[in-house]
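Report on the following structure.
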Amino acid sequence: MESNVQALPGKWAVPPAVLALVAPDVGMERVARRERVLVPFLFALFCSLLAAGASSYRIDARDATLANLDRSGQLKTMSDRQIEDQTKDAERTYVVKTISLGVVWPPVKLGLLCVGLLGLSWFVRGRAKGKAVAAVAAAAMIPGAIGDLLSVGAAVGRQSIPPEGPPLLPADLASMWAQISSHPLAGALARLLGAFDIFSLWGALLAGYGLAAAANLPLRRAMTATLIGWLCIHVLIAAMTGGGAGPQGGPHP
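Structure representation (structure tokens):
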């Protein structure tokens, strides 16, 4: 079967990173063997920018600005023009922050994934090749890119988006529970579950399969190390940032 696929013209072959989404054992092995980074990374970058642009286009900070001014006691002393200026400043700040994060986060994430996978390979006594690890890291970003595309659809379906409202896409466990039960969680449990994103977990599973291929490791050992590392990182994120999803429309963890 492999020889038949390779004999076909390149345009008919399923890209390994795409195949990995439905057949991770086969797809990630091909990703590690072919060592191609650019296309999956550019796809993740494009989706990140698209999500950031969609949420920025729909941003409406008027209600949030009025609430902030009311809490600070300044609302009664400000004219409509001043309130409008404050609203525009808040929206401009949100747009700059969101677009900047959309540009910067994908290459940072790729670098962190490469370092993390190399560290895991060393820890479990694997023999990873740098190019293969980079290809695995890039492919592991695709689930997050899919989440960004879904966030674009959610943003387009709304008339306005508040700068600090709930996530556009309920992808973390806390948001999913709130959607299912109509009773949002609070306190430490909400912060903890808010750090666990299903697209991030999907990416971790792909990384585990890829690490097994890139470092010549047994699948069970590579997957266990990857998931333990993923769990530790997200618990640390929950402790440091209070958990929860990233900026609306911004990239997924």
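Residue numbers (numbering that gives the first Met the number 0): 0 to 252. Cβ coordinates follow ideal geometry from the N, Cα and C atoms, glycine included.
My assumption, with CB atoms under 8 angstroms, is that residue i sits in contact with residue j. Please give the rounded CB distance.
i    : j    : result
L119 : G228 : 6 angstroms
I141 : P14  : Between P14 and I141 the Cβ distance is about 10 angstroms, and since that is not below 8 angstroms, they are no contact.
V123 : L216 : 6 angstroms
P161 : D59  : 7 angstroms
G202 : G143 : 6 angstroms
For a quick check, are the C-beta atoms of residue i and residue j less than 8 angstroms apart?
i    : j    : result
G254 : A51  : Residue numbering for the chain in the displayed model covers 0 to 252; residue 254 lies beyond these limits and cannot be assessed.
A19  : L172 : no
L218 : A224 : no
G209 : A153 : no
P106 : S47  : no
E34  : K130 : yes
T86  : T64  : yes
R57  : S150 : no
A177 : D196 : no
L200 : S54  : no
V94  : A213 : no
A127 : L116 : yes
A137 : A31  : no
I145 : F198 : yes
D147 : L49  : yes
G26  : A12  : no
Kindly indicate the opening and closing residues of the alpha helix (DSSP H) around residue i.
i    : result
E90  : D79 to F122
P162 : Unbroken run through P162: none, as it is neither H nor E.
A214 : Note, A214: premise wrong, no alpha helix (DSSP H); not H, not E.
K130 : G129 to A139
E28  : P23 to R33
Across which residues does DSSP place residue i in a beta bridge pair?
i    : result
D171 : D196
I236 : Partner(s): none; I236 has no beta bridge.
I58  : I160
Within 7 angstroms: the Cβ of residue i and any heavy atom of the ligand GTP?
i    : result
R157 : In terms of ligand content, the structure shown is empty, and the ligand GTP therefore cannot be addressed.
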